[in-house]
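Down below is the structure, laid out as structure tokens.
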Amino acid sequence: MTVTFSEVTKVYQGKKPAVENLNLEVHTGELLVLIGPSGCGKTTTLRMINRLEEPTHGKIQIDGRDIEKFKEEELRRGIGYTVQQTGLFPHMTVKDNIEVVPRLLKWPKDKRDERVRELLAMVNMDFEEFAHRYPRQLSGGQQQRIGVLRSLAADPPIILMDEPFGALDPISREVLQIELKKLQARLQKTIIFVTHDIDEAIRLGDRIAIFQTGQLVQLGSPQEIVKNPVNEFVASFIKKNYQFETSNLSLKALDLASVDFHPYESHDDRIILSIDGSDDFYLVDSDHRFIGTISKENVKANQITADKVLQPIRVYDSVQNILSIFKDVNTLPVVDDGNKLVGVITSLSLMNAVARLVGGNES
Amino acid sequence: MNYIGYLWSTYNSQIIQAMWQQIYLVGISLVCGAIVSIPLGIYLSKHTRLATWVITAVSILQTIPSLAFFAIILPILGIGATPALIVLFLYSLLPMLRNTYTGLRSVDPTLIDVAKGMGMTSFQRLIFVELRLAAPLIVAGIRLSTIYLVSWATMASLIGAGGFGDLIFAGIDNYNNDLIITGAVPTALMAFIASMIFTLIRRYVTPIGLRRA
Ligand SMILES: Nc1ncnc2c1ncn2[C@@H]1O[C@H](COP(=O)(O)OP(=O)(O)O)[C@@H](O)[C@H]1O
Ligand SMILES: [Mg+2]
Chain A
1378 MTVTFSEVTK VYQGKKPAVE NLNLEVHTGE LLVLIGPSGC GKTTTLRMIN
1428 RLEEPTHGKI QIDGRDIEKF KEEELRRGIG YTVQQTGLFP HMTVKDNIEV
1478 VPRLLKWPKD KRDERVRELL AMVNMDFEEF AHRYPRQLSG GQQQRIGVLR
1528 SLAADPPIIL MDEPFGALDP ISREVLQIEL KKLQARLQKT IIFVTHDIDE
1578 AIRLGDRIAI FQTGQLVQLG SPQEIVKNPV NEFVASFIKK NYQFETSNLS
1628 LKALDLASVD FHPYESHDDR IILSIDGSDD FYLVDSDHRF IGTISKENVK
1678 ANQITADKVL QPIRVYDSVQ NILSIFKDVN TLPVVDDGNK LVGVITSLSL
1728 MNAVARLVGG NES
Chain B
51 MNYIGYLWST YNSQIIQAMW QQIYLVGISL VCGAIVSIPL GIYLSKHTRL
101 ATWVITAVSI LQTIPSLAFF AIILPILGIG ATPALIVLFL YSLLPMLRNT
151 YTGLRSVDPT LIDVAKGMGM TSFQRLIFVE LRLAAPLIVA GIRLSTIYLV
201 SWATMASLIG AGGFGDLIFA GIDNYNNDLI ITGAVPTALM AFIASMIFTL
251 IRRYVTPIGL RRA
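Residue numbers (the numbering used here), protein chains in the order written: chain A, 1378 to 1740; chain B, 51 to 263.
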């Protein structure tokens, strides 16, 4: 299902517009990320879709039908909703929480039971162990998983997620990102996902919409946005989060590295990451400390031990140093002082770095 | 033990009569008070501007000393159980009203927002979320009202409504300590038992997910 914003403006009384003249079409089955600094109108945009906020001007349509035309409650029961604070009802068990919307839709008990089992199985949570727990008996990551499952419960075609992983520690966040990606590959929902974390946006988004003080400033695929930021704001927003330093010649290892990791899988307290431009996978522990690399073959064969122990280099190692090593290998992991994996130098990332450097000198 | 046995054998018929009168006074005024104050608290929790005014007004009622209150009501409504019930009813309102209001207002707004976002109607939200989470505080309010009512109901004897006050005031008038104790001890006992009952109910209505381990 498509969601279309046409000239949508939202003004809260006595304030500057929270969202201004927004035109945006969310395609069927895509995961669209809304990103921007705090207060730029992401949440407001999201909440106008399920009518928790009413636009001041303009209209919003779902599959061409004005959302005003739906009965409020019916519209909402057809749209999944997950928030950062989880919003799990503390007086309800995991099962009861997941069943809220199916109950509102008067599904029979058998169907609800089956659905809860199916959903828990999707995230490898054992029904017997978890279904009858209360939210406070779960870890933060488990709670947020249940929050996500709850929004999927009645199989809505559209799902709204407002910084769902924002309050989690980095490891749980990455694990949940992996799970969401897998779920989405299977379910092909239309998901609108709010975050302020550019890494998360790049990992998850089919497209990214960047907001600045209520305005949509750029919309495009992660690649397009990273490669061609439309203005200084977008460029600095990406850069700030990536900590590139391209403007001087004392380049360091990190400036040459790709930092665009994709979580591939998690095993106990280890995470396997992939990165564009490298066939290998990278294994880190729960604190993101580098353990080693794993070949594609071994990952496919479920052989989760580091098979090559490449000596990583440090973020501030000089270019000369790096290039001399790079002759003999085709990828180079980069770690910080705490041995945390922060990037990987590949032929692709080297070329990109050169391109940036040249581009930077021209302007 | 002997002394209590002596009091009981001497005054048991008066005690039992006074007890029923006391229970009647407390029970009726409590039920009427709850029927008014809990829905009013729910309404006010959605109309917070009005709430300040109403709660202030009810608080003022509460500050009138009970003796004065009965004295004021006497020339207007005369004597007997009815005027006593009216006064007790008015006294019972505040704790239940305030706790219902506070209980509902202190429900995490995120939960209400999410309940709304999932498509619950405002009535469903109230029943399945807000009242469930506010229930322990509401019961605490009922408990407080009950304890107050048990002690104020003894004053009702002054306008001829009966209850343990009859024994206590008769004892005072006649310098009869036995009679005073015969009225005062059961009053205290009744307040204590009511308090225990509502503590248990409170525990029962506290959602398992929120109970302390
Ligand atoms: N309910 C509200 N009442 C008044 N102002 C609001 C409300 N919600 C958000 N705002 C304002 O609207 C702007 C955008 O907020 P929001 O959409 O929450 O931004 P974001 O989610 O990007 O942080 C902010 O200036 C915020 O203060
Ligand atoms: Mg927000």
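We put the CB at the ideal spot given by N, CA and C, even for glycine.
Apply the 10 Å Cβ neighbour rule to residue i and answer buried if 16 or more other Cβ atoms are within range, or exposed otherwise.
i: isoleucine 110 of chain B; result: exposed
i: threonine 1421 of chain A; result: buried
i: threonine 1470 of chain A; result: buried
i: tryptophan 70 of chain B; result: exposed
i: serine 142 of chain B; result: buried
i: proline 68 of chain B; result: It should be noted that the sequence gives alanine, not proline, for residue 68 of chain B. Flag for alanine 68 of chain B reads buried.
i: arginine 148 of chain B; result: buried
i: lysine 1387 of chain A; result: buried
i: aspartate 1532 of chain A; result: exposed
i: glycine 1737 of chain A; result: Bear in mind that a pLDDT of 49 at glycine 1737 of chain A, under 50, signals an unreliable position, so the model cannot answer this.
i: glutamate 1476 of chain A; result: buried
i: glutamate 1622 of chain A; result: Caution applies to glutamate 1622 of chain A, whose pLDDT of 39 falls short of 50 and renders its modelled position unreliable; the value that the coordinates give is listed next. Classification for glutamate 1622 of chain A: exposed.
i: glutamate 1506 of chain A; result: exposed
i: asparagine 227 of chain B; result: exposed
i: phenylalanine 120 of chain B; result: buried
i: aspartate 1664 of chain A; result: exposed
i: histidine 97 of chain B; result: exposed
i: lysine 1472 of chain A; result: buried
i: valine 1731 of chain A; result: exposed
i: leucine 250 of chain B; result: exposed
i: asparagine 52 of chain B; result: exposed
i: methionine 170 of chain B; result: buried
i: alanine 165 of chain B; result: buried
i: asparagine 1474 of chain A; result: buried
i: methionine 1728 of chain A; result: exposed
i: serine 1624 of chain A; result: Unreliable placement is indicated for serine 1624 of chain A, whose pLDDT of 40 sits below 50; no coordinate value is reported for it.
i: isoleucine 1535 of chain A; result: buried
i: isoleucine 258 of chain B; result: exposed
i: alanine 1338 of chain A; result: The structure shown has nothing for residue 1338 of chain A, since chain A only spans 1378 to 1740.
i: glutamine 1620 of chain A; result: Any reading at glutamine 1620 of chain A must be qualified, since the residue scores a pLDDT of 44, below 50, and its modelled position is unreliable; no value is offered.
i: phenylalanine 173 of chain B; result: exposed
Sort the options by Cα distance to residue i and report the nearest one.
i: isoleucine 1548 of chain A; options: A/Lys1393, A/His1434, A/Glu1430 and A/Arg1647; result: A/Arg1647
i: arginine 99 of chain B; options: B/Tyr151, B/Ile85 and B/Ile122; result: B/Tyr151
i: aspartate 163 of chain B; options: B/Ala184, B/Val81 and B/Val179; result: B/Val179
i: valine 1410 of chain A; options: A/Ile1569, A/Ile1536 and A/Pro1485; result: A/Ile1569
i: aspartate 1645 of chain A; options: A/Leu1399, A/Thr1670, A/Phe1658 and A/Thr1682; result: A/Thr1682
i: valine 1500 of chain A; options: A/Val1380, A/Glu1556 and A/Arg1454; result: A/Glu1556
i: alanine 1634 of chain A; options: A/Gly1418, A/Thr1723 and A/Pro1512; result: A/Thr1723
i: isoleucine 247 of chain B; options: B/Thr196, B/Ile230 and B/Ile129; result: B/Thr196
i: glutamate 1674 of chain A; options: A/Asp1657, A/Leu1564 and A/Ile1444; result: A/Asp1657
i: tyrosine 198 of chain B; options: B/Gly91, B/Asn62, B/Val137 and B/Pro133; result: B/Val137
i: phenylalanine 1638 of chain A; options: A/Arg1453, A/Asn1605, A/Ala1630 and A/Gly1654; result: A/Gly1654
i: serine 245 of chain B; options: B/Leu194, B/Ala234, B/Gly259 and B/Gly213; result: B/Leu194
i: isoleucine 1743 of chain A; options: B/Ala107, B/Met168, B/Ser63 and B/Cys82; result: Lying outside 1378 to 1740, the shown extent of chain A, residue 1743 of chain A is not represented and no answer is given.
i: phenylalanine 1382 of chain A; options: A/Ile1649, A/Gln1519 and A/Val1396; result: A/Val1396
i: glutamine 1514 of chain A; options: A/Pro1606, A/His1468, A/Val1403 and A/Ile1579; result: A/His1468
i: lysine 1446 of chain A; options: A/Val1460, A/Tyr1458, A/Gly1457 and A/Glu1431; result: A/Glu1431
i: glycine 1457 of chain A; options: A/Ser1528, A/Asp1583 and A/Ile1690; result: A/Ser1528
i: threonine 1459 of chain A; options: A/Val1493, A/Lys1436, A/Gly1543 and A/Glu1451; result: A/Gly1543
i: lysine 1717 of chain A; options: A/Ser1695, A/Ser1701, A/Gln1680 and A/Gly1669; result: A/Gly1669
Say the cut is 8 Å; is the CB of residue i nearer than that to a heavy atom of ligand 4?
i: glutamate 1430 of chain A; result: As presented, the structure is devoid of ligand 4, carrying ligand 1 and ligand 2 as its sole ligands.
query: If you measure beta-carbon to beta-carbon, which residues of the region 246-262 of chain B are closer than 7 Å to chain A?
result: Pro257, Ile258, Gly259 and Leu260
- request: With 7 Å as the limit, tell me which residues of the region 1508-1530 of chain A have their beta carbon closer than that to any beta carbon of chain B; keep them in chain order.
  value: Tyr1511, Pro1512 and Arg1513
message: Ignoring anything shorter than 3 residues, give me the beta strand (DSSP E) runs that lie fully in the region 169-201 of chain B, in order along the chain.
response: none
query: Closer than 9 Å, Cβ to any Cβ of chain B: which residues of the region 1393-1425 of chain A, in chain order?
result: Across the region 1393-1425 of chain A, CB contacts with chain B closer than 9 Å involve Arg1424, in sequence order along the chain.
- prompt: Along the region 172-184 of chain B, what residues have a CB closer than 9 Å to any CB found in chain A?
  reply: Gln174, Phe178, Val179, Arg182 and Leu183
message: For a minimum of 3 consecutive residues, which ranges assigned as the beta strand (DSSP E) are wholly contained in the region 1632-1673 of chain A?
response: 1638-1644, 1647-1652, 1658-1661 and 1667-1671
task: Measuring from each Cβ to the nearest heavy atom of ligand 1, keep the ones under 5 Å and list them in chain order.
output: A/Tyr1389, A/Ala1395, A/Ser1415, A/Gly1416, A/Cys1417, A/Gly1418, A/Lys1419, A/Thr1420 and A/Thr1421
task: Identify each residue in the region 216-240 of chain B for which the Cβ-Cβ distance to at least one residue of chain A is less than 9 Å, and report them in chain order.
output: none
- prompt: the region 159-171 of chain B: which residues have C-beta closer than 9 Å to a C-beta of chain A, in chain order?
  reply: For the region 159-171 of chain B, residues whose beta-carbon sits nearer than 9 Å to a beta-carbon of chain A comprise Thr160, Leu161, Asp163, Val164, Ala165, Lys166, Gly167, Met168, Gly169, Met170 and Thr171.
- prompt: Which full runs of the beta strand (DSSP E) of 3+ residues lie inside the region 1571-1627 of chain A, going along the chain?
  reply: 1584-1589 and 1592-1597
message: Counting only Cβ-Cβ distances shorter than 9 Å, please list the residues of the region 1443-1455 of chain A near chain B, keeping chain order.
response: Glu1449, Glu1450, Glu1451, Leu1452, Arg1453, Arg1454 and Gly1455
- prompt: Can you list, in chain order, the residues of the region 1461-1478 of chain A whose Cβ is nearer than 8 Å to any Cβ on chain B?
  reply: Gln1462, Gly1464, Phe1466, Pro1467, His1468, Met1469, Thr1470, Val1477 and Val1478
- prompt: What beta strand (DSSP E) runs, 3 residues minimum, are completely inside the region 1406-1432 of chain A?
  reply: Qualifying beta strand (DSSP E) stretches, in chain order: 1408-1412.
- prompt: Listed in chain order, which residues of the region 1544-1562 of chain A have Cβ atoms closer than 8 Å to some Cβ of chain B?
  reply: none
Segments assigned beta strand (DSSP E), at least 3 residues, entirely inside the region 1443-1526 of chain A: 1456-1460
Whole alpha helix (DSSP H) elements within the region 96-130 of chain B, 4-residue minimum: 98-113 and 116-127
message: Please identify, using Cβ separations under 7 Å, the residues of the region 1424-1440 of chain A that lie next to chain B, in order along the chain.
response: Asn1427 and Leu1429
field: Contacting positions in the region 1479-1497 of chain A - beta carbon closer than 8 Å to chain B
entry: Leu1481
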